[in-house]
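Q: Have a look at the structure that comes next, please.
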Amino acid sequence: MIDQGTEFSLRIRADEPRGMVAAVYDGDVAIWTQNDIVIRGIGGRPHIRANGNSAEFKAIWVIKGDNTRVENIEFSGAAVPDRNGAGIRLEGTNLTIVGCYFHHNENGLLTGANPDSHVLIENSEFFHPVHNELPAALHVRVDLTHPLCGPAAGP
């Protein structure tokens with residue numbers, strides 16, 4: 064397995080979205096370090112296939128910056144030696160995922176337990192984790208003292 068990752072954040076400004084043209088990107092893993100960025104698939108949905116590569120032996124994308132938004136991107140094939148390779152590994156805070164497709168990864172999304180971080184997922188699919196013993200394609204650690212849903216309102 065090759066441990067590579069390109070720090071794309073050096074080429075983008077925080078005040079403009081980073082567009083990825085719809086294509087298949089084989090082995091094109093990345094480490095995103097900049098805060099307040101939008102990464103958006105344009106002209107269709109770009110497909111990033113790990114093809115045996117991983118950023119820091121963790122994921123297709125390792126997001127270390129805060130306040131990141133990922134839109135319309137497909138992630139597949141994340142696998143690492145410790146069997147928890149993710150499409151996206153969030154190490155920063157506050158991630159929004161919109162219209163993305165995660166499939167055939169060991170984990171679709173993997174985060175740590177950070178009570179100051181929020182993850183919002185809209186209109187996205189997480190399908191077919193690689194190892195059957197992994198019960199879900201999402202591994203998001205939350206503080207259970209702040210439930211995601213409150214009690215049902217009565218009449």
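For what it's worth, the numbering used here labels the leading residue of the sequence shown as 64, then goes sequentially. Here a beta-carbon is modelled for each residue, glycine too, at the ideal position from N, C-alpha and C.
1. List the whole-angstrom C-beta distance separating V161 from E185, where the pair is believed to meet the contact cut-off of C-beta under 8 Å.
2. Which partner residues of D99 appear in the DSSP bridge assignment?
3. If you draw a straight line from the C-alpha of A118 to the C-alpha of P178, how long is it?
4. Just to confirm before moving on: does the CB-CB distance between L173 and A149 stay below 8 Å?
5. Quick check on N114: does DSSP put it in helix, strand or coil?
6. How should G115 be labelled, buried or exposed, when 16 other C-beta atoms within 10 angstroms of its C-beta is the threshold for buried?
A: Reading it off the structure:
1. Correct: roughly 5 Å between the Cβ atoms.
2. The partner list for D99 (beta bridge, DSSP) is empty, contrary to what the question assumes.
3. Between the C-alpha atoms of A118 and P178 there is a straight-line separation of about 25 Å.
4. In this structure, A149 lies closer than 8 Å to L173 by Cβ.
5. In the structure shown, N114 sits in coil (DSSP, three-state: anything other than H, G, I, E or B).
6. Burial call: exposed.
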